[in-house]
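Taking it in order: structure first as structure tokens, then the write-up.
Protein chains: 2
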Amino acid sequence: MAGRTRNTKSKRATLADVAKLAGVSAITVSRVLNHPDKVSGDLCHRVREAIDTLGYIPNQSASSLASARSQVIGVAIPSLSNIVFNDVLRGIYDVAGAGGYKVLLADTHYSPIEEEGMIRTLLSQSPEAIIVTGGDQTRSCQRMLSSAAIPVVQMMEILEQPLDMNIGFSHFNAGFAVGQKLIACGYQKIGFIGARMDPRVQQRMAGFKEALQNQDLYRNEFFATTPSPSSIALGGELLRGLLSTTGGKLDAVFCCNDDLALGALFESQRMRVSVPKDLALCGFNDFETSAFVNPSLSSVHVPRYEMGVQAAQMILDVLNDKPLASKQVDIGFELRMRQSTCMPASAQ
Amino acid sequence: MAGRTRNTKSKRATLADVAKLAGVSAITVSRVLNHPDKVSGDLCHRVREAIDTLGYIPNQSASSLASARSQVIGVAIPSLSNIVFNDVLRGIYDVAGAGGYKVLLADTHYSPIEEEGMIRTLLSQSPEAIIVTGGDQTRSCQRMLSSAAIPVVQMMEILEQPLDMNIGFSHFNAGFAVGQKLIACGYQKIGFIGARMDPRVQQRMAGFKEALQNQDLYRNEFFATTPSPSSIALGGELLRGLLSTTGGKLDAVFCCNDDLALGALFESQRMRVSVPKDLALCGFNDFETSAFVNPSLSSVHVPRYEMGVQAAQMILDVLNDKPLASKQVDIGFELRMRQSTCMPASAQ
DNA sequence: GTGCCTTATGATAGCGCAAACATTCGCCAC
DNA sequence: GTGGCGAATGTTTGCGCTATCATAAGGCAC
């Protein structure tokens, strides 16, 4: 609580300063900045010169307060260090920025409790819209979002009952598709490793499990999960653990994401387990590495950047009163089967 | 410019609403939120109930305007999709968040021109401090930053003449160290591949080049660079190009980052060029993958998360009038030599 | 010329909050 | 009892901007 002293007393220039220098009223300066078509070319020019001279930068707080428009879009994601969200963010930033909006970003650390606090903080900035991840907000968080009466997009997954708008894909279906594919490839002893176990990973696992159960191939002891954060190192550990508890009987493993899958692949190489001859591996998210590693890693591709773009675009459309085709968009996914799941000819 | 109609006219609750419900004055509510120690327990409780009842969320714009404190730290980074910056960002967010600050983030796309516009936007939010990447801001951008009269941190590299505070490490020294190390390992025909060629990559290259020149080992045709964004795919392409133009004479290649290095490694494997027997590879940034890939990839480790933490901490310290040990912090780097640069016994 | 419209500019008020100053009250020393 | 002090609460004001309304100046039909 120490006294906050700024050594410079040269206060920032204001609209009024610019107006005085240009010999016009403040509102005219405001118009030059916000509705230049409503000011004559002559004045417009004079005002701009004054702005340059003073190095005037508008005070967005005052503008927001007076106009009830903050030009801010709030975004909450579970993790800053997960590539998955970076790609989505890039899409959001590109579109929001081009539309004249700033993005205020919060990292919820995969915790709905933290998320609630962070969304409260976001809302205190009077954002014109909010983008959140998934649908596992706390009740009071959902109430806050609703009563904020602004457009809300829940992204990354398709939800049964979205708060407002929704873009993503079905993780259950994706997991199910992987399960079906591995079975179709001829694999019989199929395992799963998962980390973090956030709602989307759980849905992938549930879909995968159902596909196996449909063919009577589900075995509880072939599934290894941990709430720990996902990493390459962890992928190796989980795979080694699974192979040891199952006595190496597995012939395919679905990893809940590419971090784990790469870790499993690298660990297999060190254990002299040949992929895919001895063991097939499939990841999720399709990182760039997955396409280039040897053997290349099968994965589920998701148009993440595109999802971010569309999420932001839906918001811009609503904010500009453009008609929206649908409040819910299934952006889909695509199995990218590569060398790591090529069933060897000699398979039983 | 369509009319912006909000269907709900239920305006958000204000301090005054809370005050009326609690039967106190507005300033008391403000005190409950900002200086609870100055309000009696009884009133404090009553006010908090009113806040809950109304779902009151303070209007940060009004608060900023009235108090001249925005609780915002502006951050500009060159890329949202480069893991390097994610780690730094995580550090910044963790510390800034714990200190009660929001982070307003801008992606400059490695362009000083874009950066200038984005910093202008950041400044319009009246941030209490700014963190930017590197030192290649435009003149007018630097002028804006100076006249904003707020703490500024330039991060990622050590600068000769920082605007204000500075944290990072010497990319020149890091490149030089890699050069020396490869030479010490006994490599003689040493190449370099680089992409993006932003200022920091250029410095790494310059340091590396100098190390080679010192031993008369620099050969211009062993250096391949491109302004294209770095990627794993590009690493493979650049390596293949370099090997073909040099007739495969190289025995070691320093890649300006781990993306390129991994791409080079994977491409080597596909070309049946054995790493490190036929070709040594060294990357930069030490991604998690690098430690686990086979053969494991030598790289230069940089404490990125720590750098973000310290950048934010320096700012919090200045904002709280705590004495600062130094305005410039060299966070260092560390060579992590792994299998990809193990000189084979049979080397000439 | 009159009336009416459009365009360009200005004056005023108020957005929601907190700083600064004002008031009230109770307590204590003497 | 009196004066003085601090704690608790309130009143006023203004942060910098824009919405709204007002005004002025010009154009045009008749």
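For the record, the sequence lines run as chains P and S. All residue numbers for the first sequence refer to the numbering used here, where the first residue is 39 and numbers rise by one. All residue numbers for the second sequence refer to the numbering used here, where the first residue is 39 and numbers rise by one. Each residue gets a CB set at the ideal place from its N, CA and C atoms; glycine is no exception.
Could you check which residue in the options has the C-alpha nearest to that of residue i?
i	options	result
K247 of chain S	S:I228, S:S101 and S:A233	S:I228
E198 of chain S	S:D368, S:L255, S:L373 and S:R374	S:D368
G206 of chain S	S:K365, S:M375 and S:T379	S:K365
M193 of chain S	S:A349, S:P361, S:L277 and S:Q175	S:A349
Q307 of chain S	S:S334, S:G285 and S:T283	S:S334
P267 of chain S	S:T66, S:G138 and S:L276	S:L276
D296 of chain P	P:V338, P:A262 and P:S282	P:V338
R107 of chain P	S:N97, S:G346, S:T264 and S:G321	S:N97
D209 of chain S	S:D174, S:Q163 and S:F322	One point to set straight first is that residue 209 of chain S is His, not Asp, in the sequence displayed. Residue S:F322 is the option with its Cα nearest to H209 of chain S.
A318 of chain P	P:A329, P:F325 and P:A302	P:A302
V356 of chain P	P:I121, P:L92 and P:M203	P:M203
P237 of chain S	S:Q218, S:D254, S:C294 and S:G285	S:C294
F371 of chain P	P:F123, P:R177, P:T379 and P:M345	P:M345
R84 of chain S	S:P265, S:L103 and S:T66	S:T66
DSSP on residue i, reduced to helix/strand/coil?
i	result
A215 of chain P	helix
D202 of chain S	coil
K140 of chain S	strand
G173 of chain S	coil
T13 of chain P	Residue 13 of chain P lies beyond the stretch modelled for chain P, which goes from 39 to 386, so this question has no answer here.
E248 of chain P	helix
E166 of chain P	coil
F359 of chain S	Going by the sequence as given, residue 359 of chain S is Asp instead of Phe. Three-state result, D359 of chain S: coil.
F207 of chain P	strand
D90 of chain P	helix
L373 of chain S	strand
Q253 of chain P	coil
Give the DSSP bridge partners of residue i, in chain order.
i	result
C320 of chain P	P:F292 and P:S336
M194 of chain P	P:G206
A261 of chain P	For the sequence presented, residue 261 of chain P should be read as Phe rather than Ala. F261 of chain P pairs with P:F230.
A114 of chain S	S:A144
Could you confirm whether any beta carbon from chain P is found closer than 7 Å to the beta carbon of residue i?
i	result
A104 of chain S	no
A262 of chain S	no
D145 of chain S	yes
A302 of chain S	no
V331 of chain S	yes
I270 of chain S	yes
L201 of chain S	no
G93 of chain S	yes
L118 of chain S	yes
A249 of chain S	no
L373 of chain S	no
Y131 of chain S	yes
P314 of chain S	no
S378 of chain S	no
S162 of chain S	yes
L335 of chain S	no
Q109 of chain S	no
Is there at least one Cβ from chain S nearer than 7 Å to residue i's Cβ?
i	result
D324 of chain P	no
A177 of chain P	The displayed chain sequence assigns Arg, not Ala, to residue 177 of chain P. Not one chain S Cβ lies under 7 Å of R177 of chain P.
R278 of chain P	no
Q253 of chain P	no
N124 of chain P	yes
P341 of chain P	no
Q307 of chain P	yes
Can you tell me the Cα-Cα spacing of residue i and residue j, whole angstroms?
i	j	result
Q377 of chain P	I115 of chain S	37 Å
R128 of chain S	L288 of chain P	38 Å
I270 of chain P	V331 of chain P	14 Å
D316 of chain P	G279 of chain P	16 Å
A290 of chain S	P341 of chain S	26 Å
D132 of chain S	Q109 of chain S	15 Å
M375 of chain S	A186 of chain S	44 Å
A212 of chain S	I231 of chain S	15 Å
A54 of chain S	I89 of chain S	11 Å
A329 of chain S	C179 of chain P	40 Å
V170 of chain P	V190 of chain P	8 Å
V313 of chain P	E326 of chain S	21 Å
L362 of chain P	A167 of chain P	15 Å
Y225 of chain S	Q251 of chain P	56 Å
A134 of chain S	A262 of chain S	40 Å
Does the Cβ of residue i lie closer than 6 Å to at least one heavy atom of the ligand COA?
i	result
Q253 of chain S	For the ligand COA, the structure offers nothing, since it holds no ligand at all.
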